[in-house]
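Using our numbering, you'd call the opening residue of the sequence shown number 357 and step up by one each time.
By construction, the Cβ of each residue, glycine as well, lies at the ideal position given by its N, Cα and C atoms.
As the structure is a prediction and not an experimental result, all values here were calculated from the model.
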Amino acid sequence: MAVQQACLKMANVKGLVAILQGIKSSHKAQLCTMSINSDGIAIRWEDASKSLQSSVWLSSELFSHYDCPWARKPLGLHFARFVDTLNVFALGSGAELVLRFPGPNEELICEMTEDGSMAQLCTYARIDSVEVPFTGDLMDSWEDPASFFLMNGDD
Numbered sequence: 357m358a359v360q361q362a363c364l365k366m367a368n369v370k371g372l373v374a375i376l377q378g379i380k381s382s383h384k385a386q387l388c389t390m391s392i393n394s395d396g397i398a399i400r401w402e403d404a405s406k407s408l409q410s411s412v413w414l415s416s417e418l419f420s421h422y423d424c425p426w427a428r429k430p431l432g433l434h435f436a437r438f439v440d441t442l443n444v445f446a447l448g449s450g451a452e453l454v455l456r457f458p459g460p461n462e463e464l465i466c467e468m469t470e471d472g473s474m475a476q477l478c479t480y481a482r483i484d485s486v487e488v489p490f491t492g493d494l495m496d497s498w499e500d501p502a503s504f505f506l507m508n509g510d511d
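See below:
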């Protein structure tokens, strides 16, 4: 039985890289969770102290082709490795980036095919997935219209 695979195509890889570099952690081994569903992709990371989170939502309308066969599928990635890999694709001529998940070993597959004057150039990468890191929901401590924190103090 064939595994159902999400297939996403995006023309503006440079824009995606710029967005992700805006939330990039200074910690090289930072793990992130990428949740893929029929509405889009959420990419989120949390630092080790659990006091800082960063996330970005990429709506399915940002992609030239968006085919996601599941309601929601989480994927754990090394965030810096993901951004650095996309940066390699952003150096290309502007051909569409194709993202597929899951690959044969549960990895994220990235590929771009560019037509040159004499031949085609195909850039291909597989980004290994990791166990999805637990990320707490900061909204658990949020009450509209303002946020509050309870701390022990002196009497």
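One thing to note: residue 364 has its Cβ no nearer than 7 Å to the Cβ of residue 477.
Residue 372 and residue 417 have their alpha carbons spaced roughly 13 Å apart. Between residue 432 and residue 359, the CB-CB gap reaches or exceeds 7 Å.
DSSP, reduced to helix, strand and coil, places residue 393 within a strand of the structure shown. When the Cα atoms are used, residue 398 and residue 471 turn out to be separated by approximately 31 Å. With contacts defined as CB atoms closer than 7 Å, residue 401 and residue 435 qualify as a contacting pair. Under the three-pair Cβ rule at 8 Å, the segment 441-448 does not count as touching the segment 409-423.
DSSP places residue 457 in the strand class (E or B) of the three-state scheme. If you check the CB distance, residue 457 and residue 362 come in under 7 Å.
Looking at the backbone, the Cα of residue 377 and that of residue 411 are separated by about 11 Å. When rounded, the separation of the alpha-carbon atoms in residue 429 and residue 483 is 16 Å. Per the coordinates, the alpha-carbon of residue 453 lies some 30 Å from the alpha-carbon of residue 408.
The Cβ atoms of residue 481 and residue 466 lie closer than 7 Å to each other.
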